[in-house]
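If you read the sequence shown in our numbering, its first letter stands for residue 221, the second for the next number, and so on.
A virtual CB, placed ideally from N, CA and C, is assigned to each residue, including glycine.
Keep in mind that this is a model prediction, so the values were computed, not measured.
Everything below concerns the one structure shown next.
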Amino acid sequence: MSLRNIVLIGIGVLGLAAIVAVGALTWMFAGNIWAGVWVGLFIVLVQAVVWRVVSRGFAAHEHDHRVLPARPEFFDFDLFDQPMNVEELDGMPLKTLSFTVFDTETTGLRPSAGDEMISIGGVRIAHNEVLSEVTFSRLINPGRSIPKESIRFHGITDIMVAAEPPATEVLHQFREFVEDSVLIAHNAAFDMKFLKLKEAETGAVFNNIVLDTLLLSVFLDNDESEHSLDAIAERYGIEIEGRHTALGDSLVTAKVFTQMLDRLEARGITTLYQALRAANKMVHVRKMQQRF
């Protein structure tokens, strides 16, 4: 039984005990049963208010991004195994490229064990500017139930996706949105794994070049222990809105990335090749950090 249910049951039991006790005392000392009834009704009213406040407080706490654990880091993704136009774009200045920053929400954290996407969102960046009006946001019917422990993070329920299209349809739409832009994601290996596992089924192939803001953060702030999206946004002074929604996280990541471009430039990282190389080196660094 959850702590929330235990607390609410406790409030109910205490309220009932208070009503019985007050009623008995009123009868014993005042001999007026109606006085006990009115006091009992007052206690019921107060109990209902307390019950509602406590229940809403628990609900808010459960969905507060500040208290939810960060998504585990994934590294089973080779950032140099990126065939599409990498040679053509290698020497291009980062600030001149077109990027699509994206994120997914899923039924769980194990894409190879049957977890599915339930939402995907993205926003474009052009000439170092976040194009907040050029966005993509779709719910996806995963063809399976959404576990309660996942709903706690993203708030997406079975009812919300019941009438939505499957991944076979949505990913084709997202592929058209992405075009040949460079993909940006936080903890990119996780999101890319879901896309790659769907390629055979959907026919939507994402062989775009990919940059990971998590790895770039490790490169830029290797002395920092926290590289979750929340921690980076706080360091950069970026306000978080719509956390744990695919589009909301995409917008936050996009703002983070545009600030990273200036810091990368200050470190001599100005081209796509240099950024890929810096990020790829951080895979080994991050793995070693997690061993200690």
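Cβ shell of residue 313 (< 7 Å), same chain only, five flanking positions each side left out: 490 and 491
Taking 8 Å as the cut-off, decide whether the C-beta atoms of residue 361 and residue 325 are in contact. no
For residue 412, write down the residues that DSSP places opposite it in a beta bridge. Beta-bridge annotation (DSSP): residue 412 is not paired with any residue.
Three-way DSSP call (helix, strand, coil) for residue 497 in this model: helix
Do residue 338 and residue 381 count as a contact pair if the criterion is CB distance below 8 Å? The Cβ atoms of residue 381 and residue 338 lie closer than 8 Å to each other.
Would residue 433 pass as a contact of residue 502 if the rule is Cβ separation under 8 Å? If you check the CB distance, residue 433 and residue 502 do not come in under 8 Å.
Hey, how far is the Cα of residue 461 from the Cα of residue 354? 17 Å
Find the nearest neighbour of residue 317 within the set 458, 368, 430 and 365, judged by alpha-carbon distance. Here the closest residue by C-alpha is 430.
DSSP state of residue 370, grouped into three classes? helix
Nearest chain B C-beta to residue 334 closer than 8 Å, yes or no? Considering every chain present, this structure includes no chain B. It has just one protein chain.
CA nearest to the CA of residue 472, picked from 482, 484 and 459: 459
Could you give the first and the last residue of the continuous beta strand (DSSP E) run that contains residue 450? Run containing residue 450: none in the beta strand (DSSP E); it sits in the alpha helix (DSSP H), 449–455.
Is DSSP giving residue 468 helix, strand or coil here? Collapsing the DSSP output to three states places residue 468 in a helix.
Looking at residue 411 and residue 323, is the spacing between their C-beta atoms short of 8 Å? yes
Taking 7 Å as the limit between beta carbons, can you name the residues of its chain near residue 512, skipping five residues before and five after? Here residue 512 scores only 41 on pLDDT, less than 50, and its place in the model should not be relied on; the value that follows carries that caveat. For residue 512, where only same-chain residues beyond five positions count, there are no Cβ hits under 7 Å.
Assumed close pair residue 392, residue 422 - CB separation to whole angstroms, cut-off 8 Å: Confirmed, about 7 Å.
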